[in-house]
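Novice: Protein chains in written order, with the numbering used here: chain A, 35 to 146; chain B, 29 to 140.
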Amino acid sequence: NAGVTQTPKFQVLKTGQSMTLQCAQDMNHNSMYWYRQDPGMGLRLIYYSASEGTTDKGEVPNGYNVSRLNKREFSLRLESAAPSQTSAYFCASRETLNQPQHFGDGTRLSIL
Amino acid sequence: QKEVEQNSGPLSVPEGAIASLNCTYSDRVSQSFFWYRQYSGKSPELIMSIYSNGDKEDGRFTAQLNKASQYVSLLIRDSQPSDSATYLCAVNTPMGRRALTFGSGTRLQVQP
Numbered sequence: 035n036a037g038v039t040q041t042p043k044f045q046v047l048k049t050g051q052s053m054t055l056q057c058a059q060d061m062n063h064n065s066m067y068w069y070r071q072d073p074g075m076g077l078r079l080i081y082y083s084a085s086e087g088t089t090d091k092g093e094v095p096n097g098y099n100v101s102r103l104n105k106r107e108f109s110l111r112l113e114s115a116a117p118s119q120t121s122a123y124f125c126a127s128r129e130t131l132n133q134p135q136h137f138g139d140g141t142r143l144s145i146l
Numbered sequence: 029q030k031e032v033e034q035n036s037g038p039l040s041v042p043e044g045a046i047a048s049l050n051c052t053y054s055d056r057v058s059q060s061f062f063w064y065r066q067y068s069g070k071s072p073e074l075i076m077s078i079y080s081n082g083d084k085e086d087g088r089f090t091a092q093l094n095k096a097s098q099y100v101s102l103l104i105r106d107s108q109p110s111d112s113a114t115y116l117c118a119v120n121t122p123m124g125r126r127a128l129t130f131g132s133g134t135r136l137q138v139q140p
């Protein structure tokens, strides 16, 4: 039972490069989320998708774009990576708005 | 005022003791509350959900909710060194952004 799968697990980029982080869930959940986590900052919401076909900005959307490709998949794109985007990125999903979110293992991204 | 506040710690307790972790939230209409455990370098893992006032017990864990005081806590009985982790409080608010809001976490250290 895979749950939420994120790829890649680790990535090193140079400033200005582009990158797409992939996320897929096999729990038939409606809502999906992207967070970033920096030391001492907690989890900050980048974008979310409440249902297939919709996406909305979270707290820290600048520098990112997302695509809800279908019910299973929600990708996060960095068009021109900056060192400030060095972080751990977590994808999460949940069935309904009153349920907990389930997280993937994360992508550790380093931008030089 | 942050929407969800936690003491960052570290909270240090001896093995076998009760660890008490606290969380306050600002939005009175919040309806569901969750505790996640996060080991260093890993993703958040759900350990407790609570939806109504009072206590909810699951093994060594007890979640307590007081909506009038806007306060939720997590008690860990018979603390073990393997409980050493960061504990994140998450709150679900029906209005506004349709995602969980996380506190920045409390780091727990259980001393053998």
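All residues carry an ideal CB built from backbone N, CA and C; glycine is no exception. This structure is a prediction, so every number in the text was calculated from the model and none was measured.
Determine whether the Cβ of B:Ala-91 lies closer than 8 Å to any Cβ atom of chain A.
Specialist: Answer no: the Cβ-Cβ gap between B:Ala-91 and chain A never drops below 8 Å.
Novice: If you draw a straight line from the alpha carbon of A:Leu-110 to that of A:Trp-68, how long is it in whole angstroms?
Specialist: 7 Å
Novice: Look at the alpha carbon of B:Val-57 and the alpha carbon of B:Val-119, and state the distance between them as a whole number of angstroms.
Specialist: 10 Å
Novice: Does any residue of chain B have a CB that is nearer than 8 Å to the CB of A:Phe-124?
Specialist: yes
Novice: Find out if the Cβ-Cβ distance for the pair B:Phe-130, A:Gly-76 is shorter than 8 Å.
Specialist: yes
Novice: Closer than 8 Å, CB to CB, is B:Ala-47 near chain A or not?
Specialist: no
Novice: For my contact list, A:Leu-146 and A:Thr-49 are in at a C-beta cut-off of 8 Å; report their separation, rounded to the angstrom.
Specialist: 7 Å
Novice: Would you mind working out which of B:Glu-31, B:Lys-30, B:Leu-49 sits nearest B:Thr-134, comparing C-alpha positions?
Specialist: B:Leu-49
Novice: Using the DSSP secondary-structure output, state which residues sit across from A:His-136 in a beta bridge.
Specialist: Under DSSP, the beta-bridge partners assigned to A:His-136 are A:Ser-127.
Novice: Would you say B:Gln-108 faces chain A, with C-beta separation under 8 Å as the test?
Specialist: no
Novice: Starting from B:Ser-68, find everything on chain A with Cβ-Cβ shorter than 9 Å and list it in chain order.
Specialist: Those within 9 Å of B:Ser-68 in chain A number zero; the least Cβ separation is about 11 Å.
Novice: Mind checking whether B:Glu-73 and B:Tyr-64 have CB atoms under 8 Å apart?
Specialist: yes
Novice: Is A:Arg-106 closer than 8 Å to A:Ala-58 when the C-beta atoms are compared?
Specialist: yes
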